[in-house]
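Numbering (the numbering used here), first residue to last: 2 to 651. Glycine included, every Cβ here is placed at the ideal spot set by N, Cα and C. Reviewing the structure listed below.
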């Protein structure tokens, strides 16, 4: 019973902030609705629509009620909005304030958004086709297929007044923004037949919110607007998701009228912003990355360091990381440079650098991303020889580490005479290849694998591989002495492999190959899409790379057979330890990008990606511990060897 009561109290206390946040979002929705619709209720001190006016009275009263609840819960007016709310209510009662009510409502809304860090836009521009599907399944019954408010369910809805909104009405839509439509979808409208659709996911609500604002625009106008926008070079701010989500059509029209003299041109560009920009769009991860970075700078200059840091993380995971395979298939060194710049940018935000320094880093990073856009957009003209070279380089670059690990272990097993164990190594890498391909098919296409998911997979796989490789490295160096090797041979070579030993062999082979296989699939998919007229050369390059890898592996085997035993084991151990060192650094770096590890930049630390060395405290600390563990293992082995030799010397 005590456990039950404690759990109940915990749930009630824990849910209180959620209820408070819900009330605040409702308050934002109400004042936003009042600010946009008051002009449809009152004009020149007279009621022009009694139904709309009654709504204004009801909503202003309800807004004060919700504010009273929030004020009581928080012990005061945290956002400082009470005077404005009361002034709005007075104006509505007196049928005055045609200019003042929208202005005051906007002030209240902005203060609530700033005070409570309310997110007013989705992560990226929604897909109109997805919005159409959500609308057809949930809204068309009342609002009609084309949004005219003439759906088959309109006759039977209760109450019948007000009738469903007509999304084709320019006057009504001029005061609507996607944010307002999103709030209406989330909370519904009290006293009307408009229900809450909060059961829909947030992404679906944003999709339908943008979709309803596109309904009144025709494709022809949108196409013309796209040409005008391209010739005029619209300010980037007007195409950003936060702008399009929070501005009404009227507000966007006012800004566009400063750029275009003719009203018809302004209307066409507005159609493009509301329809064409989203219609049949392919998500541009680099554009998303640049938008997130710009938002990070804005938030940082407002003193919101944590929010700015999260935007910087979003820029990497939801932007650049999704374009990285295509870039690495063309210019791996540039890809690594941009990764480093992202790390530096996030680190500067985390450490509280001067805003001027943040802007400087942002400008440099933005220029690099713009350069990447040009590289990728011009990829269709790449020569066939270039495609062949890249395709071969991918498999060599990504496969050489895994091939070295697998071939070194197989060589050791053959040297021990444990030929039966070799098949378990082959089983491990074969399973890894199959798993890499399966990962691709599960995701339908690897380019839809989220940046965060990819980094987590790579990060944890790399760390596990590092731990296993370190243990194998220790085992090899412990057998480097000839006498110890002979004892080991006598004890083990004729014994059957235990289940634990088999699992270890399969595990090290699997982990070493899976990480590389996952990246290889990503890079080849990107190169395949970037080379639509040279698929034969992609395939040819792959087999050429495999042939080069086979030659490298054969050379490693031949060199291993001819080496003295102690040198062979020492070099094999050093190679596996070096790869463990590299994997550990890369694994922690990957997990830092997703927030699994903290990220503390070190200004003067070196950056050597080929060795997995990155200028953060966490990566260097982990690698230092691995180095200390290696030194401790060597000391322990030296001590054991000295103790064994001591009686003989005596």
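Does DSSP put residue i in a helix, a strand or coil?
i           : result
residue 396 : helix
residue 495 : Any reading at residue 495 needs caution, since the residue's pLDDT is 41, under 50, leaving its predicted position unreliable; the model's value is listed next. Note: residue 495 maps to coil in three-state DSSP.
residue 286 : helix
residue 44  : strand
residue 187 : helix
residue 113 : helix
residue 249 : coil
residue 617 : strand
residue 602 : strand
residue 488 : Below a pLDDT of 50, predicted positions are generally treated as unreliable, and residue 488, at 49, falls in that range; the measurement from the model is reported next regardless. Residue 488: helix per DSSP, three-state reduction.
residue 636 : helix
residue 609 : strand
residue 434 : helix
residue 26  : helix
residue 70  : helix
residue 143 : helix
residue 314 : helix
residue 425 : helix
residue 126 : coil
residue 671 : There is simply no residue 671 to check, as the chain begins at 2 and stops at 651 in what is shown.
residue 59  : helix
residue 543 : helix
residue 175 : helix
residue 199 : coil
residue 375 : helix
residue 370 : helix
residue 85  : helix
residue 97  : coil
residue 163 : coil
Taking buried to mean at least 16 other C-beta atoms within 10 Å of its own C-beta, is residue i buried or exposed?
i           : result
residue 430 : buried
residue 153 : exposed
residue 183 : buried
residue 123 : buried
residue 234 : exposed
residue 36  : buried
residue 207 : buried
residue 640 : exposed
residue 302 : exposed
residue 49  : exposed
residue 156 : exposed
residue 144 : buried
residue 94  : exposed
residue 118 : exposed
Quick check: the Cα distance between residue i and residue j, rounded to an integer number of angstroms?
i           : j           : result
residue 356 : residue 628 : 37 angstroms
residue 276 : residue 249 : 14 angstroms
residue 254 : residue 174 : 12 angstroms
residue 222 : residue 263 : 14 angstroms
residue 97  : residue 358 : 49 angstroms
residue 272 : residue 313 : 31 angstroms
residue 362 : residue 113 : 31 angstroms
residue 289 : residue 545 : 36 angstroms
residue 103 : residue 92  : 11 angstroms
residue 540 : residue 329 : 18 angstroms
residue 247 : residue 327 : 33 angstroms
residue 26  : residue 198 : 15 angstroms
residue 226 : residue 266 : 7 angstroms
residue 83  : residue 101 : 15 angstroms
residue 47  : residue 99  : 10 angstroms
residue 368 : residue 287 : 11 angstroms
residue 371 : residue 434 : 35 angstroms
residue 74  : residue 24  : 11 angstroms
residue 231 : residue 237 : 12 angstroms
Is it true that the CB of residue j sits closer than 8 angstroms to the CB of residue i?
i           : j           : result
residue 396 : residue 556 : no
residue 377 : residue 333 : no
residue 308 : residue 300 : yes
residue 436 : residue 515 : yes
residue 90  : residue 65  : yes
residue 613 : residue 586 : yes
residue 209 : residue 270 : no
residue 217 : residue 168 : yes
residue 321 : residue 350 : no
Beta-carbon of residue i versus every beta-carbon of chain C: anything under 8 angstroms?
i           : result
residue 278 : In the displayed structure, chain C is absent; only one protein chain is listed.
Any contact of the region 156-167 with the region 229-243, i.e. 3+ C-beta pairs under 8 angstroms? Judged by pairs of C-beta atoms under 8 angstroms, the region 156-167 does not touch the region 229-243, as fewer than three such pairs exist.
Just checking, does the region 93-113 make contact with the region 184-192 on the three C-beta pairs under 8 angstroms criterion? Counting Cβ pairs under 8 angstroms, fewer than three are found: no touch.
I'd like to know if the region 54-73 and the region 26-45 are in contact, where contact means that at least 3 CB-CB pairs between them fall below 8 angstroms. With the cut-off at 8 angstroms, the region 54-73 and the region 26-45 touch.
Touch test, the region 616-635 against the region 590-600, Cβ-Cβ under 8 angstroms, three pairs minimum: Contact between the region 616-635 and the region 590-600 is present: three or more C-beta pairs spanning the two stretches fall below 8 angstroms.
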